[in-house]
Amino acid sequence: MTSRLLCRLATVCLVANAALAACADQGTPSWRELGYRLSPRCKFVMQGRAAGSFIAMDDGRLMGLRSDDGGTVELSSDDGKTWQRIATMYQGDGPGRLTKDYECQIALKTRKGVILWVYRDFGNMHWAWDDKTGEAVDPSLTVWSIRSLDGGKTWIDRQPVADGYCGSLNDIVQTSTGEIVVPIQQYVPNPGRHCQYTWVSADDGKTWQRSNLIDIGGRGHHDGIFEGTLAELKDGRLMMLMRTPRDRFWRAFSSDGGRTWRQIEPTDIAASTAPGFLLRLASGRLALVWNPLPPDGRMRPLSELQPGEKPHRQGSELPAQNWRNSLQIALSDDEAKTWSEPLTVARGPRLCYPQMYERRPGEIWVSFVAGREWVKNLIRVNEEDLLRRPDGPNGEPLRIVAFGSSTTAPRGSLVVYPMLIEWELTDQGRNVQMINAGVGGDNTRSAAARFEKDVLAQRPDLVIIQLGINDSAIDVWKGATAPRVPIDEYERRLEEFVKRIQAQGGKVILMTSNPIRWTDKLKELYGKPPYNPADPDGFSFLLKDYAERMRQVAARNGIPLVDSFRMFTEYGRVEGRSVDDLLLDGMHPNDAGHALEADALLEVIGRMFPAAK
337 MTSRLLCRLA TVCLVANAAL AACADQGTPS WRELGYRLSP RCKFVMQGRA AGSFIAMDDG
397 RLMGLRSDDG GTVELSSDDG KTWQRIATMY QGDGPGRLTK DYECQIALKT RKGVILWVYR
457 DFGNMHWAWD DKTGEAVDPS LTVWSIRSLD GGKTWIDRQP VADGYCGSLN DIVQTSTGEI
517 VVPIQQYVPN PGRHCQYTWV SADDGKTWQR SNLIDIGGRG HHDGIFEGTL AELKDGRLMM
577 LMRTPRDRFW RAFSSDGGRT WRQIEPTDIA ASTAPGFLLR LASGRLALVW NPLPPDGRMR
637 PLSELQPGEK PHRQGSELPA QNWRNSLQIA LSDDEAKTWS EPLTVARGPR LCYPQMYERR
697 PGEIWVSFVA GREWVKNLIR VNEEDLLRRP DGPNGEPLRI VAFGSSTTAP RGSLVVYPML
757 IEWELTDQGR NVQMINAGVG GDNTRSAAAR FEKDVLAQRP DLVIIQLGIN DSAIDVWKGA
817 TAPRVPIDEY ERRLEEFVKR IQAQGGKVIL MTSNPIRWTD KLKELYGKPP YNPADPDGFS
877 FLLKDYAERM RQVAARNGIP LVDSFRMFTE YGRVEGRSVD DLLLDGMHPN DAGHALEADA
937 LLEVIGRMFP AAK
């Protein structure tokens, strides 16, 4: 493992690997340390390794393989807490050098004891997309294999398997008749898209044979059908589930060990445009881990999915749903015909590319990459916990409205503070109903026009109010010389919001706006008097006064205040940190900023609404 920032969501510090290892011994690290919310039914194991990279040795030890530094071969006697390097796969020149670990990893120990490692040669990687032609420019990321006949001590038969461009290697299986099967995607031009092959070896990875091409069309740098995962069914057929941008997995079946694929069709498994992973468990059940559709999404009928004139911003001709902020696992007792109610195992920004490994019967290790840094994380869940129905919420509903502007509103894949609060309270067993009433561009004056409908009509138990950035702004680029909302009016409207909520029986938390930092775009619009672009705080010189007025409203009414302006500012005063670390674009909080706010809000909410015992 390497010491690194554990995803921007972890806000407060760099977490050393030793600290995480200690947490793994003592229990699950907090989401503030990891950068994602872990289900109470799961346990953190380690970082830096993918579930597909493990081999169970005959003596009970665990082998871990990686493609960095020539291909590292390591052994662990304590389930990955410590490792001993025993070999390097290849130390010569390219092509086919092992230089980089990324996303998923795929290793296999065959029934004859051969250890096989399939990897990509990042030394020859090239990927560029021409928006005008709608094609990739000279795409290249080739797939290689190497194997060991002596338990990983020495490695032979290093060879290219597939040329072209393969964006990810997700799975490898050996069938009951001995074939080794690896799904490998293939970029196909005219129009540019990704398609799916499998490569098959009948001699333990010594030679390889390619299947027929699976192609459902598409147009765009993330369109098509690819990143397949495999399971052998009890009738001897192979089933492959594949990623598409069409709200669901596609599947195909092979009756000849992966050499040919037939019955290529959509499934009824709702999925984001992201890969899943299948695993046959020792119990005989199938397990599937994947990114579902967003909470407010739905699996649209295929007839509704119509191509646009140009590729969607997700890189597909269809408007894809690219939700990667949660991962869930389901089980099947009937060979993938039906699935159990999924358990959400992790929530957080950009959780994707999962794999599973059954360390012991019923003990499932799940890996995924997390955050902007794509840190590999490994967690553990027991099969028996997946069979339990999800716990229902306890107590009376706690109805919360988050009332604000674009710093509150949903924003693509960004994990905003209302989302984090809902996740945390739900995982505590609270019966929480979160309503995000953030609207981009709003100030207290414009928000007042929707206050009755968006706040009071919801009959909330609690309202979180964060407004101020747009009130304090002077639109100098329009020739304005005064704030959009004068500071006295701002204070009066905040007071009115508080009184009306309290009159209805609700409670209020006021939250000051975060400070702003200059970007090139903001300087272009606002970099003139009275703003001072040479001063890092120059864009916030009025906002700090509005924050002070909000503090006064909170004190006067005896209501809690979460002071984001002060929290962000104090964070930036620590050596090695900057307020910019918490901002997406100089103005809006990023995942880390929202986590800082959510952390403070949760502490206050816990005092205001203690959980029932």
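When we follow this note's numbering, the leftmost residue of the sequence shown carries the number 337, and every step to the right adds one.
We put the CB at the ideal spot given by N, CA and C, even for glycine.
Computed from a predicted model, the values in this text were never measured in an experiment.
The beta-carbon distance between Val-381 and Trp-701, rounded to whole angstroms, is 6 Å. This is short enough to meet the 8 Å contact definition. A distance below 8 Å between beta-carbons, with the five flanking residues on each side excluded, links Thr-596 to the following residues of its chain, in chain order: Ser-547, Asn-548 and Ser-590. In the three-state reduction of the DSSP assignment, Lys-835 falls in the helix class, which pools H, G and I.
Contact check for Arg-636 against Asp-583 passes: the beta carbons are separated by less than 8 Å. Going by beta carbons, Ile-771 and Ile-736 fall inside the 8 Å limit. For the options Ile-508, Gln-599, Ile-451 and Gly-459, the alpha carbon positioned closest to that of Leu-615 is the one of Ile-508. At the C-beta level, Met-575 and Leu-569 come within 8 Å of one another.
Around the CB of Asp-559, 16 or more other CB atoms lie within 10 Å, so the residue is classed as buried.
Ala-610 and Pro-690 have their C-alpha atoms some 10 Å from each other.
If you check the CB distance, Ser-608 and Glu-563 do not come in under 8 Å. Annotated three-state conformation of Phe-739 is strand, per DSSP. Beta-bridge analysis with DSSP links Tyr-693 to Trp-701. Excluding its 5 nearest sequence neighbours in each direction, Gly-842 has C-beta neighbours in its own chain below 7 Å: Pro-796, Asp-797, Leu-798 and Val-799, listed in chain order.
Unbroken beta strand (DSSP E) runs of no fewer than 3 residues, entirely contained in the segment 552–594, are found at 562–568, 574–579 and 584–590, following chain order.
Separation of Gly-416 and Gln-769 (C-alpha to C-alpha, rounded to the nearest whole angstrom) is 40 Å. Counting of Cβ neighbours within 10 angstroms places Ile-837 among the buried residues, the total reaching 16 or more. The residues Gln-383, Gly-384, Arg-385, Ala-386, Ser-703 and Val-705, in chain order, have a CB closer than 7 Å to that of Lys-712 in the same chain once the five nearest residues on each side in sequence are set aside. Just measuring C-alpha positions, the residue of Val-752, Ile-492, Met-461 and Arg-373 sitting nearest Ala-738 is Val-752. Looking at Gly-651, Ser-876 and Glu-906, the one whose alpha-carbon comes closest to that of Asp-466 is Gly-651. For the 8 Å CB-CB criterion, Cys-688 and Arg-724 do not form a contact.
Asp-927 and Gly-541 have their C-alpha atoms some 43 Å from each other.
Burial of Gly-556 is indicated by the presence of at least 16 other C-beta atoms within 10 angstroms of its C-beta.
A straight line joining the alpha-carbon of Gly-388 with that of Pro-631 spans about 29 Å. The DSSP-derived three-state label of Gly-400 is strand. Only buried fits Glu-933, as 16 or more other CB atoms lie within 10 angstroms of its CB. Comparing alpha-carbon positions, the option among Gly-774, Glu-831, Tyr-867 and Gly-765 lying closest to Gly-815 turns out to be Tyr-867. Remark: C-beta atoms of Ile-391 and Glu-410 do not approach each other more closely than 8 Å.
In this structure Leu-937 touches Val-898 by the C-beta definition: roughly 6 Å separates them, less than 8 Å. Cβ neighbours of Ser-413 within its own chain (closer than 7 Å, five residues either side excluded): Arg-397.
In this structure, the beta-carbon distance from Val-536 to Gly-593 falls below 8 Å. In terms of Cβ geometry, Phe-613 and Asn-506 form a close pair [threshold 8 Å]. Among the bridge pairs identified by DSSP, Glu-410 is matched with Gly-400 and Arg-421. The Cβ atoms of Thr-762 and Gln-802 lie no closer than 8 Å to each other.
At a cut-off of 4 residues, the continuous stretches assigned as alpha helix (DSSP H) that sit fully inside the segment 889–933 are 900–909. In the assembly as shown, Asp-457 is a buried residue. Its beta-carbon has 16 or more other beta-carbons within 10 Å.
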